[in-house]
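Q:
Protein chains in written order, with the working numbering: chain F, 1086 to 1649; chain P, 25 to 126.
This is the structure in structure tokens:
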């Protein structure tokens, strides 16, 4: 502990110096206010100042003001040593920033007692300062981390590539992180999926659970999984992931493409409301199941409710935050208020409900996340959705090497192997092909089956005229294939890169060693096959590609397919 | 290849859930599925193509046969959850005129 003694009289400084040294204090001296200030500024180890008042150049008051202003966060108690003990002087000592005073002549015991008291204060102050610095540092770190986590959550959860005009939703998170989740995804068959859910709690711990839910939801909806299967999968993941006091109340909805069939799984969520096309409430769907994340996979019930609402029906699902909003008098918003809104005509029900909640809260702080979704049951329209279109990918114009393959299949191969899936595996690696793969599979299957069934196995399609014949035909196919020991089928595939902005093309052919057939006659004879259960294969294949041509008396068929 | 068949309690509706490939390999199974399901007159079958990626022309033939079989019994067919690719095949074959396809 180092004390600065300020006095213009050497004698006074020495007396104080003795007392300090006697009691184990380190000390240094200054002869006037100005040199006292310089000493404090130059020496960071000075902890306390004993200050005389009347001195030349700069008096004790001025020096105190300057030192206090200079020190800022560095706390140095200043004790005035004064012979004057009138109230005015003492008051001034404190008002210029002094911390205490001591009368002259100085009593050693009192001096040391006061020093000890002030040293304690200095120590507290320093501890506080240290804690403050740590807290500040910690806060900065948390904020930085939150910004990062928020970005991860947002990009992991929300997707902007699809927008379904049947769905309207809004949410209002209570904090930076949302424990509610609303996700919308198109189904491959043109319908739409929605999940609306609410994790126990709010803030970061609740929001973190949204990530696996979003992952599962997007992955499974893109494969057209059923609502029940999605619910099972989400439950399974959350059951292993969440601590036992945390769970996920949610509803998962699928609306089919034509907008007249709803599949719903709901667990632990508020009643789902159904309103007529005029906006009148006509039904509520109560909760069916327990929330997700509680039951193990084999206890979990994924039964789905299917309803067929009249076109124009609007469905509403919402999280707890809606009806648990508090008014300034601690009253709850409640279901009745919500349902009463449906008696009022309204163009934008979602906005109306949010406005109503806002007005009810009347400036009170929000105490839960609030989310609401509206689904209009009519033919589903996706905006900017790329899932339904065979997207004109740029990759179709990517440079591709002009390569070709040729495959000779003998009876052995035809008998033992699944030829078409293997061919497809090769073809799929061509640039820009993935979006065409399903149609190419169909074309390949049709041509391959024609070649095998008629060219190699010599089956007659006329057998398929009757229902029994249809089955017989395929039974016979299996028998003949099993016993096949001669015959040859050649498959050729060439990639023709498009020149100057043209799209790449695929040319492939099958050539069999059978008797061939009169394809011109066949094509005329099969113009109207609507009632027949066969004869569509060629028509189908040729309408899926750019060009389909027979040659070699019908033994060879060649197809041109543009990868546009 | 497997087709899952689920009928409702009142025997007015049965759902046939098709597998990944709907092709000639399931001719018999498909036939048994709809001939075996006990659906009352006035009811209907749902052919669910949720899991189906590929379909060939023999599948179209199977559907035509199913249609013939059921029309006399006054039982309807609905085809649901078909992907864009499969819908294209239905459209090309003009199946949308004869079948209810969602």
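Every residue, glycine too, gets a C-beta built ideally from N, C-alpha and C.
Could you give the C-beta distance for residue 1515 (chain F) and residue 1580 (chain F), rounded to a whole number, given that I count them as a contact under 8 Å?
A: By 1-based counting over the first chain, the position of residue 1515 (chain F) is 430. By 1-based counting over the first chain, the position of residue 1580 (chain F) is 495. Indeed they touch by this definition, with Cβ atoms about 6 Å apart.
Q: Going by DSSP, what residue range makes up the beta strand (DSSP E) through residue 1526 (chain F)?
A: As a working mapping, residue 1526 (chain F) is identified with position 441 in the first chain. No beta strand (DSSP E) holds residue 1526 (chain F); the alpha helix (DSSP H) holding it covers 1522 to 1535.
Q: If you count every other CB in all the chains shown that lies within 10 Å of the CB of residue 1350 (chain F), and 16 or more means buried, which is it?
A: Here residue 1350 (chain F) refers to the residue found at position 265 when the first chain is read from its first residue. Buried, since its Cβ has 16 or more Cβ neighbours within 10 Å.
Q: What does the alpha-carbon distance come out to for the pair residue 1373 (chain F) and residue 1227 (chain F)?
A: Translated into the one-based positions of the first chain, residue 1373 (chain F) becomes position 288. Translated into the one-based positions of the first chain, residue 1227 (chain F) becomes position 142. Whole-angstrom Cα-Cα distance: 40 Å.
Q: Residues of the region 64 to 78 of chain P in Cβ contact with chain F at a cutoff of 7 Å, in chain order, please.
A: 74, 77, 78
Q: If distances are taken between C-alpha atoms only, which option among F:1268, F:1456, F:1535, F:1217 comes closest to residue 1256 (chain F)?
A: Your numbering for residue 1256 (chain F) matches position 171 in the first chain. Of F:1268, F:1456, F:1535, F:1217, the residue nearest in Cα terms is F:1456.
Q: So which residues on chain F does residue 117 (chain P) lean against when the C-beta distance must stay under 8 Å?
A: If you number the second chain from 1, residue 117 (chain P) lands on position 93. Within chain F, the residues near residue 117 (chain P) are 1621, 1624, 1625.
Q: Starting from residue 1629 (chain F), find everything on chain P with Cβ-Cβ shorter than 9 Å and list it in chain order.
A: Within the first chain, numbered from 1, the residue matching residue 1629 (chain F) stands at position 544. Result: 112, 113, 116.
Q: Residue 1493 (chain F) by DSSP, collapsed to three states: which one?
A: Residue 1493 (chain F) sits at position 408 when you count from the first residue of the first chain. If DSSP states are grouped into helix, strand and coil, residue 1493 (chain F) belongs with the strands.
Q: Can you check whether the CB of residue 68 (chain P) is closer than 8 Å to the CB of residue 96 (chain P)?
A: Taking the second chain and counting its residues from 1, one reaches residue 96 (chain P) at position 72. Taking the second chain and counting its residues from 1, one reaches residue 68 (chain P) at position 44. Against a cut-off of 8 Å, the Cβ pair of residue 68 (chain P) and residue 96 (chain P) comes out as no contact.
Q: Is the region 1532 to 1547 of chain F touching the region 1593 to 1607 of chain F, taking contact as three or more C-beta pairs under 8 Å?
A: yes
Q: At least one CB of chain P closer than 8 Å to the CB of residue 1341 (chain F): is that the case?
A: If you number the first chain from 1, residue 1341 (chain F) lands on position 256. Contact with chain P is found for residue 1341 (chain F), since one of that chain's Cβ atoms lies less than 8 Å from the residue's Cβ.
Q: Return the residue from the list F:1260, F:1225, F:1161 that minimises the CA-CA distance to residue 1207 (chain F).
A: Here residue 1207 (chain F) corresponds to residue number 122 of the first chain, with the count starting at 1. When each option's Cα is compared against that of residue 1207 (chain F), the closest is F:1161.
Q: I think residue 1590 (chain F) touches residue 1648 (chain F), with their Cβ atoms under 8 Å apart; what is that distance to the nearest whole Å?
A: To locate residue 1590 (chain F), count along the first chain from 1; it is residue 505. To locate residue 1648 (chain F), count along the first chain from 1; it is residue 563. The Cβ separation is near 7 Å, so the contact holds.
Q: Check this for me: beta carbons of residue 1163 (chain F) and residue 1183 (chain F), under 8 Å apart or not?
A: Residue numbering aside, residue 1163 (chain F) sits at position 78 when the first chain is read from its first letter. Residue numbering aside, residue 1183 (chain F) sits at position 98 when the first chain is read from its first letter. Yes, these two residues count as a Cβ contact at 8 Å.
Q: Candidates P:125, P:123, P:28: which alpha carbon is nearest residue 75 (chain P)'s?
A: Taking the second chain and counting its residues from 1, one reaches residue 75 (chain P) at position 51. Residue P:28 is the option with its Cα nearest to residue 75 (chain P).
Q: What three-state label does DSSP hand residue 1553 (chain F) in the structure shown?
A: Walking along the first chain from the start, residue 1553 (chain F) turns up at place 468. Residue 1553 (chain F): helix per DSSP, three-state reduction.
Q: By alpha-carbon positions, which one of F:1492, F:1431, F:1563, F:1286 ends up nearest to residue 1575 (chain F)?
A: By 1-based counting over the first chain, the position of residue 1575 (chain F) is 490. Measuring from the Cα of residue 1575 (chain F), the nearest candidate turns out to be F:1492.
Q: Out of P:58, P:106, P:85, which has the shortest C-alpha to C-alpha gap to residue 1055 (chain F)?
A: It is not possible to answer for residue 1055 (chain F), since the shown part of chain F is limited to 1086 through 1649.
Q: Does residue 1567 (chain F) come within less than 8 Å of chain P when only Cβ atoms are used?
A: For the purposes of this step, residue 1567 (chain F) is identified with residue 482 of the first chain, where counting begins at 1. Residue 1567 (chain F) does not count as touching chain P.
Q: Would you call the region 1429 to 1443 of chain F and the region 1497 to 1514 of chain F in contact, with 3 or more CB pairs under 8 Å?
A: No contact exists between the region 1429 to 1443 of chain F and the region 1497 to 1514 of chain F.
Q: Within 10 angstroms of its Cβ, does residue 1477 (chain F) collect 16 or more other Cβ (buried), or is it exposed?
A: In the first chain, counting from the first residue as 1, residue 1477 (chain F) sits at position 392. For residue 1477 (chain F), the predicted structure reports a pLDDT of 42, less than 50, and the residue's modelled location is therefore unreliable. A value from the coordinates is still provided. With fewer than 16 Cβ atoms within 10 Å of its Cβ, residue 1477 (chain F) is classed as exposed.
Q: With DSSP as the reference, identify every bridge partner of residue 1359 (chain F), one or two as the case may be.
A: Along the first chain, read from residue 1 onward, the residue named residue 1359 (chain F) stands at position 274. DSSP output for residue 1359 (chain F) lists F:1368, F:1400 as bridge partner(s).
Q: Quick check: the Cα distance between residue 1408 (chain F) and residue 1221 (chain F), rounded to an integer number of angstroms?
A: Locating residue 1408 (chain F) in the first chain gives position 323, where the first residue counts as 1. Locating residue 1221 (chain F) in the first chain gives position 136, where the first residue counts as 1. Between residue 1408 (chain F) and residue 1221 (chain F), the C-alpha separation is close to 38 Å.
Q: Go ahead and label residue 1276 (chain F) buried or exposed: buried means 16 or more other beta carbons lie within 10 angstroms of its beta carbon, across all protein chains shown.
A: Translated into the one-based positions of the first chain, residue 1276 (chain F) becomes position 191. So residue 1276 (chain F) counts as buried.
Q: For residue 108 (chain P) and chain F, any beta-carbon pair shorter than 8 Å?
A: Here residue 108 (chain P) refers to the residue found at position 84 of the second chain. Interface residue, yes.
Q: Who are the Cβ neighbours of residue 107 (chain P) in its own chain at under 8 Å, not counting the five residues just before and after it?
A: Stepping through the second chain from its first residue, residue 107 (chain P) is reached at position 83. Cβ within range, chain order: 73, 76, 77.
Q: Please report how far the alpha carbon of residue 1291 (chain F) lies from the alpha carbon of residue 1262 (chain F), in whole angstroms.
A: For this step, residue 1291 (chain F) is matched to residue 206 along the first chain. For this step, residue 1262 (chain F) is matched to residue 177 along the first chain. Approximately 8 Å between the Cα atoms of the pair.
Q: Counting only Cβ pairs nearer than 8 Å, list the residues of chain P close to residue 1273 (chain F).
A: Position 188 of the first chain, counted from the first residue, corresponds to residue 1273 (chain F). The contacting residues are 107, 108.
Q: Answer yes or no: does any C-beta atom of chain F fall closer than 8 Å to that of residue 81 (chain P)?
A: For this step, residue 81 (chain P) is matched to residue 57 along the second chain. Cβ-Cβ to chain F under 8 Å: yes for residue 81 (chain P).
Q: Any idea if residue 88 (chain P) is buried or exposed, counting beta-carbon neighbours within 10 angstroms, 16 or more meaning buried?
A: Counting from one through the second chain, the residue named residue 88 (chain P) turns up at place 64. Its Cβ being crowded by 16 or more others within 10 Å, residue 88 (chain P) is buried.
Q: Does residue 94 (chain P) have its Cβ less than 8 Å from a Cβ in chain F?
A: As a working mapping, residue 94 (chain P) is identified with position 70 in the second chain. Output row for residue 94 (chain P): interface = no.
Q: At a CB distance below 7 Å, what residues from the region 1306 to 1321 of chain F approach chain P? Give them in sequence order.
A: 1309, 1311
Q: How many angstroms separate the CA atom of residue 1474 (chain F) from the CA atom of residue 1321 (chain F)?
A: Along the first chain, one-based indexing puts residue 1474 (chain F) at 389. Along the first chain, one-based indexing puts residue 1321 (chain F) at 236. The predicted position of residue 1474 (chain F) is uncertain, since its pLDDT is 44 and thus under 50; a value taken from the coordinates is nonetheless stated next. So the two alpha carbons sit approximately 33 Å from each other.
Q: Quick one: list the residues of chain P neighbouring residue 1556 (chain F), beta-carbon separation under 8 Å, in chain order.
A: Within the first chain, residue 1556 (chain F) is the residue found at index 471, counting from 1. The answer, in chain order, is 51, 52, 55.
Q: Report the three-state DSSP secondary structure of residue 1297 (chain F) (helix, strand or coil).
A: As a working note, residue 1297 (chain F) is residue 212 in the first chain. Here residue 1297 (chain F) sits in helix by DSSP.
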